[in-house]
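Residue 211 in the numbering used here sits at position 201 of the sequence shown; the count goes up by one each step and never skips. No residue lacks a Cβ here, since even glycine has one placed at the ideal position from N, Cα and C. Worksheet: the structure to be examined is printed underneath.
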Amino acid sequence: MAAGLALLVGLFGTPYLIRILRKHGYSQAIRVSTDDINYPEHQGKKGTPSMGGLAILIGVVLGYAIAHLVAWRPPTVSGLLALYLAVGLGMVGMADDYLKIFKQRSTGVRARTKLLGQAFIGLSFAVLALQFPDEYGRTPASDAISFIRDTPILLPTVLAIIWLWLLVTATTNAVNLTDGLDGLAAGSAIATFGAFALLGVWQYGQNCSFSRFTRCYEVRDPLDLAVFAAAFAGACLGFLWWNTSPAQIFMGDTGSLAIGGAIAALAIMTRTELLLIFLGGIFLLTTVSVILQVGSFKFTGKRVFRMAPLHHHFELKGWGEITIVVRFWIMQCLFVGTGIALFYAEWVRT
Numbered sequence: 011m012a013a014g015l016a017l018l019v020g021l022f023g024t025p026y027l028i029r030i031l032r033k034h035g036y037s038q039a040i041r042v043s044t045d046d047i048n049y050p051e052h053q054g055k056k057g058t059p060s061m062g063g064l065a066i067l068i069g070v071v072l073g074y075a076i077a078h079l080v081a082w083r084p085p086t087v088s089g090l091l092a093l094y095l096a097v098g099l100g101m102v103g104m105a106d107d108y109l110k111i112f113k114q115r116s117t118g119v120r121a122r123t124k125l126l127g128q129a130f131i132g133l134s135f136a137v138l139a140l141q142f143p144d145e146y147g148r149t150p151a152s153d154a155i156s157f158i159r160d161t162p163i164l165l166p167t168v169l170a171i172i173w174l175w176l177l178v179t180a181t182t183n184a185v186n187l188t189d190g191l192d193g194l195a196a197g198s199a200i201a202t203f204g205a206f207a208l209l210g211v212w213q214y215g216q217n218c219s220f221s222r223f224t225r226c227y228e229v230r231d232p233l234d235l236a237v238f239a240a241a242f243a244g245a246c247l248g249f250l251w252w253n254t255s256p257a258q259i260f261m262g263d264t265g266s267l268a269i270g271g272a273i274a275a276l277a278i279m280t281r282t283e284l285l286l287i288f289l290g291g292i293f294l295l296t297t298v299s300v301i302l303q304v305g306s307f308k309f310t311g312k313r314v315f316r317m318a319p320l321h322h323h324f325e326l327k328g329w330g331e332i333t334i335v336v337r338f339w340i341m342q343c344l345f346v347g348t349g350i351a352l353f354y355a356e357w358v359r360t
């Protein structure tokens, strides 16, 4: 129900947002090549409205809330915390989009300012997620570093908060870096959210709340996290209809930071933090390409790629935008499939 409602909002609500943004001229500035830096040719995208992530967030909030009302089930602490992180980071992204749109500054908010905003939301989420134990003593997040379940590596509370904050920051910025071509981030996120919805339902069916046995999952609110993930999958799918090439609207940082926050919240609260290496594989690959590019240029003066992030490298090599996006989607599906296989293999092995 949450997925379907969010899908409808994304599919039929986004055109209204496009009209409003176009009417007021809310379009993002496009980077122009200079003598020193050669950017891919994106002048054809000039005038495309941005801040489309609002449609995704509205779809998620309405889908999640109405589904709970119809089912007459109260939202859980884990679900509300996931919403807090996604919406909070989406507001940070909206401030960035505001500068890009109204000041026509393609770089948006200064990096330090954006990181401070992310830090406030991320740290407050981390602190809150380690509170609110249920009747079994389980909190939404854990002091342990997790892979498919919590590992024996337990962190002191302060270090656990820092670890969760770093995970949130890394994930949000990874999605933000990936959002460089029409439909790339939204399409990749659908696969990730779909996987988390599946994992949440599975963890609910085998949860320690019902019966304690060797393979049960110590996750506080897995079914509600699955509802949250499904709502995001539906909203992104509806938005992708309008965001696919040639995009009629960009999600902007409003969308990319919100999606990154939602993915981080799901990984943290389903106890699959390190499994995010696979479930968010294309986002990690994009981030690594930027790290390699910056590191190589700083220490050797040479670039590994023609341009980072990686998708722009292939653009400058002459690949078509649609070709790059579809091939990256295929890679993301392979990454996600590997993550699900590892998750299930751990269950079978145990």
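Item to check | N- and C-terminal bounds of the beta strand (DSSP E) containing proline 256 | outcome: First-last for proline 256: undefined, no H or E at that position.
Item to check | Residues that DSSP places opposite isoleucine 232 in a beta bridge | outcome: Contrary to the premise, residue 232 reads as proline rather than isoleucine in this sequence. Paired residue(s): none; proline 232 is not in a bridge.
Item to check | When Thr24, Ala201, Gly262 and Ile28 are compared against phenylalanine 338, the one with the closest alpha-carbon | outcome: It is Ala201.
Checklist entry - If you draw a straight line from the C-alpha of alanine 129 to the C-alpha of phenylalanine 324, how long is it? => result Our two residues, alanine 129 and phenylalanine 324, have alpha carbons roughly 33 Å apart in a direct line.
Checklist entry - Among the residues of its own chain, which have a CB less than 7 Å from the CB of proline 256, if the five just before and after it don't count? => result Correct list, in chain order: Asp192.
Item to check | 9 Å Cβ cutoff met for isoleucine 66 and glycine 20 | outcome: Yes. Within cutoff.
Next on the checklist: Suppose the cutoff is 7 Å on Cβ atoms and the five residues either side in sequence are ignored; what does the same chain contact list for serine 306 look like?
Outcome noted: Hits under 7 Å: Lys312, Arg313 and Val314.
Next on the checklist: Going by DSSP in three states, proline 85 sits in which element: helix, strand or coil?
Outcome noted: Per DSSP, reduced to three states, the secondary structure at proline 85 is coil, with no helix or strand assignment.
Next on the checklist: According to DSSP, simplified to helix, strand and coil, what is threonine 149?
Outcome noted: The three-state secondary structure of threonine 149, taken from DSSP, is coil.
Next on the checklist: Whole angstroms are fine: how far does the CA of leucine 64 sit from the CA of isoleucine 269?
Outcome noted: Spanning the two alpha carbons is a distance of roughly 11 Å.
Checklist entry - In three-state terms, what does DSSP make of leucine 344? => result Residue state, collapsed to three classes: helix.
Checklist entry - What whole-angstrom Cβ distance do glycine 62 and threonine 24 have, given they're in contact under 8 Å? => result That pair is a contact at about 7 Å.
Item to check | DSSP state of proline 162 mapped onto helix, strand, coil | outcome: The three-state secondary structure of proline 162, taken from DSSP, is strand.
Checklist entry - Does the distance from the C-beta atom of glutamine 258 to that of proline 232 stay below 9 Å? => result Not in contact: glutamine 258 and proline 232 (Cβ atoms no closer than 9 Å).
Checklist entry - Beta carbon of valine 137, beta carbon of glycine 271: below 9 Å? => result No, the pair does not count as a contact, with Cβ atoms beyond the cut-off.
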